[in-house]
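Sequential numbering from -6 applies to the sequence shown in the numbering used here.
Using N, Cα and C, we set each Cβ at its ideal position, and we do this for glycine too.
Report on the following structure.
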Amino acid sequence: MRLRAASTRAGGRSRLRRPARPAAIVLIVLYLMTPRLAAADPARPALDIAMTQAVLNAALTFLLPRTLESHTSRDFCLWGLNGLSAIDPSLTVTDRDGTVQLALGQDVLLRVADPAETDQAGWTDVTVRLMQAAWSQSAAVRDAGSGGLLQGFFDELFNHMDPYSRYVAPAPATTDRDTRTGGEAGTGLTLGRDARSILITAVNANGPAWPAGLVVGQRLYAVDGRSTRDQTPQAVTQWLLGDPGSRVTLLVGDERARRTITLRRASVPPETVFAYADGHVVVIRITAFSADTAQEMSQYLDQASDDPHLRGLVMDLRGNRGGVLQQAVTASALVLDRGVAVITHGRDAQANHVWAVQGGDMTNGVPIVVLVDGRTASAAEILAAALADHRRAVVVGSATLGKGLVQTIGQMPDGGELFVTWSRVLAPLGWPLQGLGVMPQVCTSRGEADLERQLQDLAAGQVDMRDIVRATRAVRFPVPVSRILDLRKACPAAIGTDSDLDAARSLIDNPAEYRAALSAIPEEGTYAP
């Protein structure tokens, strides 16, 4: 396997090449709606009424059963209609005495009787009628366009909910989907050029070019018989794209020899796992959790386990903002024999899961240290908490971000997406991640002297972080903000440094330190949800 160096620190490390294997497929549940398109007059800006109504109706259908707290169609629509004021401050929407009113300054533009609170179709119709009236009278609303009107509606609606629920307009939504799934089918090659020809500058290990043996530095002379001479890297990159499974023939080589190779195009998720060997310790850096992260990780672990003298594994989650929850669960299964990885609770029955794993530890129980920092979030926190709660790893670093809410994704008829929080995350020992984050057993954010003292105490069997770690495990939802702040100040969130890796090596090199740090976690079953 090919390992990308995740650190510039000196040391006796060797590069590994990841063996090619089929990528695992993870399905994200997407709720698809069929778009209805409205005709537009190119000579005069017009609100796309049919599409606006379709998006609003689809959004309510998606939101009503899934939000963490129960809300009505009336709630959502009145919240969203405040977006008109955000676009044009002279517009106001009020709801009094059973009547919704839209005014422009002192002038009333429209009054409509309230439908029943739960009348989804009725409130969708009222919302569209008010939007039409605002469109006809406000230049600012027309300048915002149909897309801006919807964006303003959802921005105001989600202002009344949690920080993570949001609407993403069609163009960025497409980019986000491509990031999660790999986007249009290609080869996994990144191209550049020098004065003479097109060069391969990077090879994604998740793409078909990797197992075919293409490497950085080779020249790409032709694509499907079409010469790349005088072409830009961007133009040639477009030639490599096509339908999944379709063939593309490349002429590659160098000054000494050329060869023709045929690849089958495939969706290529971004690489999220990088690793290097530092003596008999393997450091695996996970930058995000996308569709193939667990599969990438398993390949590195498989290679690492071939070392009969493997002493330990460092799992670097610093700066990892999360991603696909299922990938974090699958990643935990690679180093846990069995047990609960995470619990999710929501109002919708489909949001309630006990994510249990059973399979086998690929590392045969070697010591694991997980590095975290103040930017470690979401799925990355789930993995860190799962390994810590099962006493399978020692967590080193600072308090993590504390994003313990899970979003589900709904596709809208306009091509946009709704990200809606629908469940809370509980760690295996029953404590909530939201706000609290993961408290490390070894804190590195309080300075070098404090870290040195912690390691010395661990060698003597004393765990300085024991009380605070156990206090976080005893917390149950709901948690007062004051309590969260009080707990987190014991190891303030910070950006990771080289001290984290130094501490990890000390723990792996000194089994007494490692065992003592593990003991900071309560026995499984001590605390119940």
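Own chain residues within Cβ distance below 7 Å of Ala510, not counting five before or after: Val387, Gln434, Val435, Leu451, Val456, Leu500
Beta-carbon proximity of Gln343 to Ser158, cut-off 8 Å: no
Cβ-based burial, Glu577 [other Cβ within 10 Å; buried from 16]: This structure leaves residue 577 out entirely; the chain is present only between -6 and 522.
Three-state secondary structure assigned by DSSP to Ala83: Residue 83 is actually Ser in this sequence, not Ala. Three-state result, Ser83: coil.
CB-CB length for Arg258 against Gly179, believed under 8 Å: 6 Å
Every unbroken alpha helix (DSSP H) within the region 50 to 85, with a cutoff of 4 residues, ordered by chain: 66 to 74, 76 to 80
Residues near Asn50 by beta carbon distance below 6 Å, same chain, minus five either side: Spatial neighbours of Asn50 in its own chain (CB-CB distance under 6 Å, excluding positions within 5 residues in sequence) are listed in chain order as Thr117.
Close-in-space but distant-in-sequence residues of the same chain around Asp155 (CB under 8 Å, 5 per side omitted): Leu61, Leu398, Thr414
Span of the alpha helix (DSSP H), counted from its first residue to its last, around Ala334: Careful: Ala334 lies outside any alpha helix (DSSP H), inside the beta strand (DSSP E) at 331 to 338.
Range covered by the beta strand (DSSP E) that runs through Leu103: 100 to 106 is the span of the beta strand (DSSP E), which, as asked, contains Leu103.
Test item: CB-CB of Val245 and Leu213 under 8 Å: Here Val245 is near Leu213, since their CB atoms are less than 8 Å apart.
Supposed close pair Gly316, Val261 - CB separation, criterion 8 Å: No, Gly316 and Val261 are not in contact; Cβ-Cβ is about 16 Å, not under 8 Å.
Residue burial classification, Gly353 (beta-carbon count within 10 angstroms, cutoff 16): exposed
Where Ala17 sits in the DSSP three-state scheme: Note that Ala17 has pLDDT 35, beneath the 50 cutoff, so the model's placement of it is unreliable and the number below is only indicative. Three-state result, Ala17: coil.
Selection from Asn75, Ala334, Asp309 that minimises the alpha carbon distance to Thr87: Asn75
Inter-residue spacing [alpha-carbon to alpha-carbon] between Thr280 and Leu376: 13 Å
Minimum Cβ-Cβ distance from Asp299 to chain D less than 8 Å: Among the protein chains of the structure shown there is no chain D, as only one such chain exists.
Val196 burial status per 10 Å Cβ neighbour count (16 or more: buried): Buried, by the Cβ-count rule.
Sufficient close CB pairs (3 or more, under 8 Å) joining the region 63 to 74 to the region 130 to 141: no
Residues near Val216 in its chain [Cβ-Cβ closer than 7 Å; skip 5 each side]: Result list for Val216: Val229, Trp232, Leu233, Val241, Leu243, in chain order.
Exposure of Val222, with buried meaning 16 or more beta-carbon neighbours within 10 Å: First, the amino acid is wrong: residue 222 is Arg here, not Val. With fewer than 16 other Cβ atoms within 10 Å, it is exposed.
Cβ-based burial, Lys396 [other Cβ within 10 Å; buried from 16]: buried
At least 3 beta-carbon pairs within less than 8 Å: the region 43 to 57 vs the region 401 to 413: yes
Span separating the alpha-carbon of Glu517 from that of Val119: 54 Å
Nearest-angstrom Cα separation, counted from Ala496 out to Leu411: If I take the Cα positions, the gap works out to 41 Å.
Ala431 (DSSP reduced to helix, strand or coil): What sits at residue 431 in the sequence shown is Val, not Ala. In the three-state reduction of the DSSP assignment, Val431 falls in the coil class, being assigned neither a helical nor a strand state.
Assigned exposure category for Ser475 - 16 Cβ within 10 Å defines buried: exposed
The alpha helix (DSSP H) enclosing Glu445, as first and last residue numbers: 441 to 452
Those residues which DSSP pairs with Ser416 across a bridge: Val399
Euclidean distance between Cα positions of Thr111 and Gly91: 14 Å
Pairwise C-alpha distance: Glu248 and Tyr24: Residue placement at Tyr24 cannot be trusted, given a pLDDT of 27 that sits under 50; what the coordinates show is reported in the next sentence. Going from the Cα of Tyr24 to the Cα of Glu248 covers about 52 Å.
Coil, strand or helix - Arg255 by DSSP: The residue asked about is misnamed: residue 255 is Thr in this sequence, not Arg. Residue state, collapsed to three classes: strand.
Whole-angstrom distance between Ser283 and Phe146, CA atom to CA atom: If I take the Cα positions, the gap works out to 30 Å.
Best match in Val389, His383, Leu192 for proximity to Ser492 [C-alpha to C-alpha]: Val389
Alpha-carbon to alpha-carbon, Val48 and Ala467: About 43 Å.
Element boundaries [alpha helix (DSSP H), containing Ala268]: Here Ala268 belongs to no alpha helix (DSSP H); instead the beta strand (DSSP E) covers 266 to 271.
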